[in-house]
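Beneath this line is the structure, given in structure tokens, with notes to follow.
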Amino acid sequence: MPTITLPDGKNLNFLKEATGIEIAGKISKSLLKQALIMSVDGELKDLYFPIKKDSSVKIFTAKDPEGLEVIRHDTAHIMAMAVQELYPGTQVTIGPVIENGFYYDFARKKPFTEDDLKKIEKRMSEIIDKDVKTRREVWKRDEAISHFKKIGEKYKAEILESIPKNEELTVYHHGDTWHDLCRGPHLLSSGKIGKAFKLTKVAGAYWRGDSKNEMLQRIYGTSWASQKDLDAYLNRIEEAEKRDHRKLGKEMDLFHFREESPGSVFWHEKGWALFQKLINYMKMKQDAAGYKEINTPEVLDRSLWEKSGHWEKFGSNMYTSTTPDEKVFAIKPMNCPGCVEVFNQGLKSYKDLPLKMSEFGKVHRYEPSGALHGLLRVRAFTQDDAHIFCTEDQITKECLTVTNLILEIYKDLGFENVILKYSDRPELRVGDDSVWNKAEAALLEAVKATKLEYTINKGEGAFYGPKIEFVLRDAIGRDWQCGTLQVDFNLPGRLGASYVDKDGTKKVPVMLHRALFGSLERFIGILIENYAGKFPFWISPLQTVIIPISEDFEDYAKKVSNKIKEVGISCLVDLKNHNLNYKIREHSLAKVPILLICGKKEVDSNSVTIRRLDSDKQENMELNKFLKTFSALNKVSSN
RNA sequence: GCCCUUGUAGCUCAGCUGGUAGAGCAAUUGAUUUGUAAUCAAUAGGUCCGCGGUUCGAAUCCGUGCGGGGGCACCA
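Counted the way my numbering counts, the first sequence spans residues 429 to 1067.
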């Protein structure tokens, strides 16, 4: 006689046992129709699961995240079923739900093509129309293994062998012809999935995510509660594509890439202007925060990299060069060793600490070709790097100071949402465990002191120390990893850095590595996507364009332009033989924030007529007032 | 690096089953002198990514290399 407690506190009584179907039916007809899955005392179960004891039960529909997740999971199963029907001999492996959809990895000699996706979609649709029933079975381990081996599913058998012995093994049947080893739960029948799904892409993926293993064929799909949701999702993707920095970079004439140097940026005038603005801004912030800017060589002798440990731990990513006299140099992949060499010049006292040295260093890393991605992943980039030499006691405070600076600059650039990722010791590392213990504890303390949301990433630290990464969330909710702060107890010692302490003895300083934008290249890519190319006035690479109404007003336009440039605002006079409408369209598409129209009216009143990007309002302003207003706006973070 | 996919004018793209290339925009020139998102006309512009092969003949088919895109792995 189980009593079922519903979320609203109501109780339902059943004679023998209750299923979700019966419970939903007692609540309402419409719920029975919409019910997809239920939770019994917090645990998700199939709707036909018999409840024998008193429990609290919640029924989920497609409106709940739980319901949507099951829809996606079932879509993945039906896809696998369709694939195995269409392509006999294909083995199934795993098929999880992911953000916005699902994938399923298959083992098949002949890879799937985009055309196959349409055929698979069609077959899925047919299976959904047939509304085949789902059935759950509990299997014995040995039977399951030998069964899957027998039917040629060697990956499933391998998965089975890795499942802990005490775990119950379940197999789900969809109709009479197809089944899969699966934890479940699942929908009652394939018809419950609906038709709001789409297979989106094919890709290779390594078995168990390990590049030493064979490559499987992965099919990605997305699945939603309604066609409307699916359309909205596809629309969101399209909107994100419009912001693609590679596309906008080309359209806005900011930079380009070419075959001769994959992964290295050719900056055009406007892109470089943007780059310089960010650097100047950062210099201003760092000067105020007590950093000393230095610069070190890009090419350094192999012996230094051997001493620093980079040669051994990072060598496969380094560009090297052999000179005509057979000396081996490496192009720096990091700025730190050079910075330590600067620290080592002259005797340092404890009074000099913490010593903050910044460097806008250009580094080169030979990234795998498949990793390259526009400005976001390049082989040559400029770091807004700095190294802070300090004592162990100063670590936590310095980490906090760095964090505050980071949050300030992110805010100035329009990013308010920041989360932290803390990473501890990796397998491949230098230094004793006792040293790592100290470094990790100090950094974690700083993380906690920020009071920001953070995640812990086991084993993902740098080879020389633990690190924090700063992740910012952009205008359309995507996360980007930018800044980093790393504690290093190793490098200063390796490169012989020391300071004289109060008691007159020499001690090895601790070194903090930090970069706030991370890579200027990458950060600009993120800025472009965040603003969809429509930068705030102060960082816009071309801030104003003057459009004279006709040739008669060229002189006035040039005069205005000179005055604008004098106050440090970039300005272009468009003297081309095109009409006003044409020029407004062209410069609006180029995302110039301010267009200034000059004709008879403006000459007579010594003024300009302003047209702001994305507004068709006309705003007349006396020239001197314009200069005053906009040079104020041109100051950092005034927008 | 691995799997799939892709590479035609400055840009966006067309070119069916092989017969040495086309459009729009941009550019140049001329006309027009324009008051808030494309004025008209003419002209010029291409080793069809590179290298091999098949063929009487290759942008098109095959092989290979390089680059781009989507994933996987990598991201110290």
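Ideal placement from N, C-alpha and C gives every residue a C-beta, glycine not left out.
Per DSSP, the bridge partner or partners of residue i
i     : result
K473  : M466
H815  : M785, H941
V915  : L940
I487  : M466
G893  : A890
E1047 : I1038
D729  : F757
C999  : T972
Residue i burial status per 10 Å Cβ neighbour count (16 or more: buried)
i     : result
E826  : buried
Q420  : Nothing can be reported for residue 420, as the shown portion of the chain is limited to 429 through 1067.
S1066 : Since pLDDT at S1066 reaches only 47, below the 50 mark, its modelled position is unreliable, and the value read off the structure follows with that caveat. Exposed, since its Cβ has fewer than 16 Cβ neighbours within 10 Å.
P920  : buried
T650  : buried
S731  : exposed
F408  : Nothing can be reported for residue 408: it is not among the residues displayed for the chain, which extend from 429 to 1067.
I506  : buried
P524  : exposed
P539  : exposed
K486  : buried
N723  : exposed
F917  : buried
I1088 : This structure cannot speak to residue 1088, because the chain is shown only from 429 to 1067.
A716  : exposed
L684  : Note on identity: in this sequence residue 684 is His, with Leu being the wrong assignment. H684 should be labelled exposed.
Q811  : buried
Check: residue i C-beta below 7 Å from any heavy atom of the ligand GTP
i    : result
R853 : Questions concerning the ligand GTP fall outside what the structure shown contains, since it holds no ligand whatsoever.
Whether residue i touches residue j by CB criterion (8 Å)
i     : j     : result
T824  : A874  : yes
V632  : Q645  : The sequence as given places Gly at residue 632; Val does not occur at that position. Contact flag set, yes.
S851  : K879  : no
N745  : P761  : yes
Y927  : Y778  : yes
I952  : F703  : yes
G437  : M466  : no
R564  : G603  : no
L1041 : K1019 : yes
H1076 : Y747  : One cannot answer for residue 1076 here, as it falls past the ends of the chain, which runs 429 to 1067.
Y661  : Y531  : no
I479  : P435  : no
K498  : H614  : According to the sequence as given, residue 498 is Val; it is not Lys. A contact, by the Cβ cut-off of 8 Å.
Closest residue to residue i among the options (Cα-Cα distance)
i    : options                 : result
D840 : F963, D608, L923        : F963
K993 : Q822, D902, V973, H941  : V973
T521 : Y1010, K584, K1028      : K584
M785 : K741, L475, S797, F771  : F771
D813 : L944, Y794, E687        : L944
G774 : L615, H614, G924, V1020 : G924
F889 : D902, L871, A903, E881  : Note on identity: in this sequence residue 889 is Gly, with Phe being the wrong assignment. The residue with the shortest Cα to Cα distance from G889 is L871.
P765 : L728, T912, I499        : L728
H501 : K568, N594, K620, L1061 : K620
I555 : K623, R563, L1017       : K623
L588 : H602, D570, Y882, N1007 : D570
G911 : K547, V938, E949, F891  : E949
K866 : F488, K1063, V899, Q822 : Q822
F981 : M643, N1034, E1047      : N1034
D860 : G887, F477, Y794, G893  : G893
F898 : N845, P854, K886        : N845
S458 : V468, L443, D469, F488  : F488
Span of the beta strand (DSSP E) around residue i
i     : result
M552  : Segment 542-558 is the alpha helix (DSSP H) holding M552; no beta strand (DSSP E) there.
W567  : 562-567
K537  : Neither: K537 is in no beta strand (DSSP E) and is coded neither H nor E.
V1039 : This sequence places Arg at residue 1039; Val is not what is there. Residues 1035-1040.
S1016 : S1016 -> not in any beta strand (DSSP E); alpha helix (DSSP H) instead, spanning 1008-1017.
L955  : Where L955 is concerned, there is no enclosing beta strand (DSSP E), although the alpha helix (DSSP H) it sits in stretches over 948-959.
H601  : 597-602
N439  : 439-441
Continuous alpha helix (DSSP H) stretch holding residue i: start and end
i    : result
R664 : 655-670
I992 : 982-994
K593 : Taken as a continuous stretch (DSSP letters only), K593 belongs to no alpha helix (DSSP H), as it is neither H nor E.
K839 : 823-840
C764 : 764-771
V511 : 493-514
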